[in-house]
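Novice: Residue numbers for the sequence shown, in the working numbering: -6 to 127. Each residue gets a CB set at the ideal place from its N, CA and C atoms; glycine is no exception.
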Amino acid sequence: MHHLSLPHTDAAPLVLLAGAASETAADLLREAHYQVRSATSAAALLRLAQAQPAPQLILLGEDVADQPGLGLLSRLQDDAETRGIPVLFMAGNGDDELALALGAADCVELPLRPLVLLARVGAHVRLAALRKAA
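1. In chain order, what residues of the same chain lie with their CB nearer than 7 Å to the CB of residue 18, ignoring the 5 residues before and after it?
2. Enumerated in chain order, which unbroken segments of the beta strand (DSSP E) with a length of 3 residues or greater are wholly contained in the region 19 to 67?
3. Can you find the residues in the same chain that come closer than 8 Å, C-beta to C-beta, to residue 43, ignoring five residues on each side of it along the sequence?
4. According to DSSP, is residue 116 part of a helix, a strand, or is it coil?
5. Give every residue of the same chain whose Cβ lies closer than 8 Å to the Cβ of residue 5, excluding the five residues on either side of it in the sequence, and list them in chain order.
6. Going straight from the alpha carbon of residue 103 to that of residue 124, what length do you get?
What follows is the structure in structure tokens.
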């Protein structure tokens, strides 16, 4: 069992997951007391990213069923409603530099390493909370 402390808030942070390794990531995040929403298609991802309450972070894989993750990242960055949500891109084929150039807040390599994933998610959730409070 992996233990990293969450930022202190009234409600557990909400993370939206889509793409490769999202089931593994969902299990890890739930174990660490995050709220998790999962999207199985590009349309669901875009809809859930705009839903209220808004996710504090999007964990996006290289492919989401019917669309490349990099294309979805661009769409999230182009939309005024979603561009403020940090995206952590899960890259397994060297797309990390392109993902960062397209606006990803950070990248994690596949296969996922649990402690690295939880540390990066926690860091970006804390940063998002600080930005929101400022």
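Specialist: A quick look at the data gives this:
1. 10, 52, 105 and 110
2. 28 to 32 and 50 to 54
3. 72, 74 and 75
4. helix
5. -1, 26, 27 and 28
6. 28 Å
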